[in-house]
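Which chain is which? The protein sequence lines are A and B, in order. Letter by letter, the first sequence follows residues 1 to 538 of full-length UniProt numbering. Letter by letter, the second sequence follows residues 1 to 538 of full-length UniProt numbering. Data first, discussion second: the structure below is written as structure tokens.
There are 2 protein chains.
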Amino acid sequence: MKKDRIYLFDTTLRDGQQTPGIDFSVEDKIAIAGMLDAFGLDYVEGGYPGANPTDTAFFARKRTTRAKFVAFGMTKRAGISASNDPGLAALLDSQSDAICLVAKSWDYHVRVALGCSNEENLESIAESVKAVVASGREAMIDCEHFFDGYKANPGYALACATTAFASGARWVVLCDTNGGTQPAEVRAIVEAVIAAGVPGVNLGIHAHNDTGQAVANTLAAVEAGVRQVQGTLNGIGERCGNANLVTLVPTLALKETYAERFDIGIDADMLTGLTKLSHTFDELLNRSPDHQAPYVGASAFATKAGIHASALLKDPRTYEHVTPESVGNLRKVMVSDQGGKANFINALKLRGITVAKDDPKLDRLIQIVKEREATGYAYEGADASFALLAYRTLGSVPDFFHVESFRVMVERRYDANGQLKTVSEAVVRVVVDGETMMSVAEGHGPVNALDLALRKDLGKYQSEIADLELADYKVRILNGGTEAITRVLIESTDASGARWWTVGVSDNIIDASFQALMDSIVYKLLKNRGEAGKVAAE
Amino acid sequence: MKKDRIYLFDTTLRDGQQTPGIDFSVEDKIAIAGMLDAFGLDYVEGGYPGANPTDTAFFARKRTTRAKFVAFGMTKRAGISASNDPGLAALLDSQSDAICLVAKSWDYHVRVALGCSNEENLESIAESVKAVVASGREAMIDCEHFFDGYKANPGYALACATTAFASGARWVVLCDTNGGTQPAEVRAIVEAVIAAGVPGVNLGIHAHNDTGQAVANTLAAVEAGVRQVQGTLNGIGERCGNANLVTLVPTLALKETYAERFDIGIDADMLTGLTKLSHTFDELLNRSPDHQAPYVGASAFATKAGIHASALLKDPRTYEHVTPESVGNLRKVMVSDQGGKANFINALKLRGITVAKDDPKLDRLIQIVKEREATGYAYEGADASFALLAYRTLGSVPDFFHVESFRVMVERRYDANGQLKTVSEAVVRVVVDGETMMSVAEGHGPVNALDLALRKDLGKYQSEIADLELADYKVRILNGGTEAITRVLIESTDASGARWWTVGVSDNIIDASFQALMDSIVYKLLKNRGEAGKVAAE
């Protein structure tokens, strides 16, 4: 059976630009258009040429090779001809393959926002679409407020859609501009549009996430016959965002109910680039990827529960709705307070440690982890601290060095020039092979000072930790007040590009930081010894 | 027409605990159960007593007053009687109103995970439900993998559901454990369960967000007849999370298509507490609320400059699917300086400060706030610091006292008994009316020591701050590494029951804490002076 083609339309650079806190530069737009094009989407909407200098500059050249490059704008104003409308002229001047024009389709907005008659608006739609078609480009109409407009005045909303189609629009896109429409309503209204004469193969859907259902509304429209879906990378967009293409693409490609009926132009090999696409986009926005994002989140294939984890090991597929590999993601089984024995064995196996199920040391390790997690440790986020604890409990870890004492001081006072100044200083006393070394350092705060002092002189090990760097430092207060228990998580990295996390917990933030710093250094020393270091520790 | 009652079931404390990176302490659980109970949900599932020390301690007492308090566990094992099953015994020992038992309903999992026959599993379901009913509690069965199980073996999945119902289960909950089921499938399978003899008024839905459709799947089940919906606060949960109750509640309460048919036990007045509930929960998790969250996000009713913003000003309701006030959120138009100014004037008015629109001091205040927020301050979470800044910029604040210098020291060393010991000590030098006072204090960490020393002797103001208490202390690292910028938020309270938040930002955590502590004390002194204090400051 020949599958129906669904066309993927990305509006990250246009509607995504409406996200509070997101402003793309021309360079950003060029980079993102390249990523979207390389991934294999059908349409890339780049912005609104003529509306601002960034978008005008971006449309000075065509920015995609494979995907159609789309300019966005408004239908011509009432009372002037298409050829005399400056906004439309800017669109026709842009280097685009297709032009998407937004048109009011709710009579209330025609009156209040445009201030023209219903008939004048229909005439604007018709003339504008014809002008785009005459320029040799693909024409699309975004029917703004289509669903709310339909509820208020179904005849007029349908007239907007059928007028656009009759005038030559390749796509008539039904927009849930306010984002409040429910899936069952979307389905019924799409069916009404098709019944009114616009075929599904010419219909698109543009959904917003104001009730958390942008993806569901899009799929409901597809089920009702629509064949173009609009969305953005990671669901960015105005207010609560647009339909998330990163969720829609694998759902359409992998879920049987859609995959057996539709072809989205993305094959299995292309799909494995999805996680990277999503994460690279977040990096460009300088924000942490959402761990819980469907398909691509770090937690999307992570299991914590004891009961699930043991079954997962027997047959992962029965606990995963799709395989992590299919979208370029990874499976994770985490250690935690709730983990069963199988969970622990698997977590250890991932670190190259095999231990028998009935080894009493394993029970001891599980007990220690549970006790520590009860006091605030979180080993699932601190792989390296967990590995050290396992090595120490199941084998042994060499006493590379010993910190006999430390002292950290923060002083705020007026300097000689009468300026307020805060100084942080740390002193540590380290013993290596019976030899005592004292180091002192100043830092940007007490933890930074302690970190610098600790790593200043480790004697014969000093050269080994030269490439150790702290990449991130997180603090969580586990209960209220300044007497609270503090959990510190530290992310470390070295020249090899490896990253590891360590944890410390105490009612004293300096003490908690000290524990995490110590674990990081010891882990680095073990890591430098490679498999030999690990085996020695077992 | 009498509306159908939909029951709201919260599993934040049980399935939400499966979220990677989230581990609740007993105190966390008590606080969250209180929030859920106060908001007005019907069921609060607290965890798995007997499975770990936290949950066992949490179930030592009933933790809700209005909502039913639910313990979670497994059906009895095959081959032993319900009365001899230790897991079931722990559940029956817990202080709960209802017990929810998870049961396998996919024959594959019965074989592979339980290793028993299909019949033995049905017998376990029946006997376990009966044991719960006999204990006088409400019995619920979570049919694990129900939808995938139904697809593999419809007859067996239905047998699990009907057996549970026939044995006396008040609720049979259909779980989409792997989260991959699509809304149309949910609808069809729920209809099949009802046709098989379990009435919709006894059915629940438990959806996961692996294809971004947990909310849509839940609503599809409700449309098909289900009358209990399960979910979590802010959609936390295993992998990609559970259905988000914070999205479901207003959708069911405000969207006509549901509101005219269903009663969810949350009236319009209760619903206005939704945004606060969601944000307070994120604060407890020490994470930033998602700006794009449906209904409650800071951007959910925000409009960026452009075509929508000007129309929005003409009539907000036509660009909003519900009113922000209905869920306790706010409208934001980031349209121009003018819009920004109106926001400030409003924020000041809320604090009893009236300022003219064209007062140059107002421009100065806006500029300072913008500059400070660019460096990491967050005044929306620190009312008292904002008020102090406004008083200082628009009027003046008395110099009650002056901290000339402070010194904080943390020392870790072996004590006389050879035990490692960490000591924190702070010294402050305070000037009041030209008189210098030195105070020293030890604390549980450097910030606690500084806090105690600061409040030890404020001379003539000392008696005034006797009832000042620090209620909470939060640290957020704003960028990576131990050299990072640190933001400290402190919540204070006093004998009057008032609460106020102050903020400090620095690359030194002690300095940031000092700023927030100082703001808290000065705000308290101004507050003690009541309206007089405020007016003097203006």
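For every residue, glycine included, the Cβ atom is placed at its ideal position computed from N, Cα and C. Computed from a predicted model, the values in this text were never measured in an experiment.
Where residue i falls, given that 16 or more other Cβ within 10 Å makes a residue buried
{"i": "Lys357(A)", "result": "exposed"}
{"i": "Ala253(A)", "result": "buried"}
{"i": "Ala161(B)", "result": "buried"}
{"i": "Arg351(B)", "result": "exposed"}
{"i": "Pro360(B)", "result": "exposed"}
{"i": "Lys68(B)", "result": "buried"}
{"i": "Phe72(A)", "result": "buried"}
{"i": "Glu260(A)", "result": "exposed"}
{"i": "Asp337(A)", "result": "A caution first: Asp337(A) carries a pLDDT of 48, below 50, which makes its placement in the model unreliable, though a value can still be read off. Looking at its Cβ environment, which holds 16 or more other Cβ atoms inside 10 Å, Asp337(A) is buried."}
{"i": "Pro398(B)", "result": "exposed"}
{"i": "Asp472(B)", "result": "buried"}
{"i": "Gln367(B)", "result": "exposed"}
{"i": "Ala532(B)", "result": "For Ala532(B), the predicted structure reports a pLDDT of 44, less than 50, and the residue's modelled location is therefore unreliable. A value from the coordinates is still provided. So Ala532(B) ends up on the exposed side."}
{"i": "Arg227(A)", "result": "buried"}
{"i": "Arg63(B)", "result": "buried"}
{"i": "Ala305(B)", "result": "Reliability fails at Ala305(B), whose pLDDT of 49 lies under 50, so the model's placement of it is uncertain and the value that follows must be treated cautiously. The residue is exposed, with fewer than 16 neighbouring Cβ atoms inside 10 Å."}
{"i": "Glu36(A)", "result": "Just to set this straight, residue 36(A) is Leu in the shown sequence, not Glu. With 16 or more other Cβ atoms within 10 Å, it is buried."}
Under 8 Å between C-beta atoms of residue i and residue j
{"i": "Pro289(B)", "j": "Ser278(B)", "result": "yes"}
{"i": "Glu469(B)", "j": "Asp494(B)", "result": "yes"}
{"i": "residue 539(B)", "j": "Asp511(A)", "result": "Because chain B in this structure spans residues 1 to 538, residue 539(B) falls outside the shown range and cannot be described."}
{"i": "Val173(B)", "j": "Ile141(B)", "result": "yes"}
{"i": "His208(A)", "j": "Asn234(A)", "result": "no"}
{"i": "Leu454(A)", "j": "Gly443(A)", "result": "no"}
{"i": "Ala484(A)", "j": "Thr54(B)", "result": "no"}
{"i": "Val112(B)", "j": "Asp315(A)", "result": "yes"}
{"i": "Phe344(B)", "j": "Leu362(B)", "result": "yes"}
{"i": "Asn178(B)", "j": "His321(A)", "result": "yes"}
{"i": "Val215(A)", "j": "Gln95(B)", "result": "no"}
Neighbour list for residue i in chain B, Cβ cutoff strictly below 7 Å
{"i": "Val475(A)", "result": "Val475 and Ile477"}
The ligand NAP heavy atom lying under 7 Å from the CB of residue i
{"i": "Ile368(B)", "result": "Looking for the ligand NAP in the displayed structure turns up nothing, as the structure carries no ligands at all."}
Partners in chain B for residue i, counting only beta-carbon separations shorter than 9 Å
{"i": "Val70(A)", "result": "Under the 9 Å cutoff, chain B gives no residues; its nearest Cβ is about 18 Å from Val70(A)."}
Neighbouring residues, chain A, relative to residue i (Cβ below 9 Å)
{"i": "Ala184(B)", "result": "Leu219, Ala220, Glu223 and Thr257"}
{"i": "Gly21(B)", "result": "His291, Ser299, Ala378, Glu380 and Gly381"}
{"i": "Tyr108(B)", "result": "Asp315 and Thr318"}
Chain-ordered chain B contacts of residue i [CB-CB under 8 Å]
{"i": "residue 546(A)", "result": "Nothing can be reported for residue 546(A): it is not among the residues displayed for chain A, which extend from 1 to 538."}
{"i": "Ser405(A)", "result": "Glu411, Arg412, Arg413 and Tyr414"}
{"i": "Ser424(A)", "result": "Asn508 and Ile510"}
{"i": "Val215(A)", "result": "Thr211, Gly212, Gln213 and Ala216"}
{"i": "Gly445(A)", "result": "Thr482, Glu483, Thr486, Ser506, Asp507, Asn508, Ile509, Ile510 and Asp511"}
{"i": "Asp315(A)", "result": "Val112"}
{"i": "Asn244(A)", "result": "Gly212"}
Proximal residues of chain A, C-beta to C-beta of residue i below 7 Å
{"i": "Glu320(B)", "result": "Asn178"}
{"i": "Pro294(B)", "result": "Asn209, Asp210, Thr211, Gly212 and Cys240"}
{"i": "His279(B)", "result": "Chain A residues near His279(B): none, gap ~16 Å exceeds 7 Å."}
{"i": "Asn118(B)", "result": "Chain A residues near Asn118(B): none, gap ~16 Å exceeds 7 Å."}
Chain A residues whose Cβ lies nearer than 8 Å to that of residue i
{"i": "Thr301(B)", "result": "Per the sequence presented here, residue 301(B) reads as Phe, with Thr not at that position. Per Cβ cutoff of 8 Å: Arg239."}
Expected contact under 8 Å - CB spacing of residue i and residue j to nearest Å
{"i": "Tyr48(A)", "j": "Phe9(A)", "result": "The pair is not a contact, with the Cβ atoms about 16 Å apart (cut-off 8 Å)."}
{"i": "Gly21(B)", "j": "Gly381(A)", "result": "6 Å"}
{"i": "Thr257(B)", "j": "Asn217(B)", "result": "No, Thr257(B) and Asn217(B) are not in contact; Cβ-Cβ is about 16 Å, not under 8 Å."}
{"i": "Lys474(B)", "j": "Ile477(A)", "result": "6 Å"}
{"i": "residue 568(B)", "j": "Val246(B)", "result": "Outside the shown range of chain B, which is 1 to 538, sits residue 568(B), and nothing can be said about it."}
{"i": "Phe165(B)", "j": "Asn202(B)", "result": "6 Å"}
{"i": "Asn346(A)", "j": "Val296(A)", "result": "Not quite, the Cβ-Cβ distance comes to about 23 Å (not below 8 Å), so this is no contact."}
{"i": "Val428(B)", "j": "Val403(B)", "result": "6 Å"}
{"i": "Ala78(A)", "j": "Glu120(A)", "result": "4 Å"}
Partner residues on chain E for residue i, Cβ-Cβ distance less than 8 Å
{"i": "Val430(A)", "result": "Going by chain labels, chain E is absent from the structure shown, which instead holds the protein chains A and B."}
4-residue-minimum alpha helix (DSSP H) runs that sit fully inside the segment 224-280 of chain A, ordered along the chain: 245-254, 256-259 and 268-271
Mind pulling the beta strand (DSSP E) runs of 3 or more residues that sit fully within the segment 128-214 of chain B? 138-144, 171-175 and 203-206
Complete alpha helix (DSSP H) runs within the segment 430-488 of chain B (minimum length 4 residues, chain order): 446-454
4 or more residues per run - each alpha helix (DSSP H) lying fully within the segment 34-77 of chain A: 53-58
What residue ranges within the segment 346-414 of chain B form continuous alpha helix (DSSP H) runs of no fewer than 4 residues, ordered along the chain? 360-374 and 383-394
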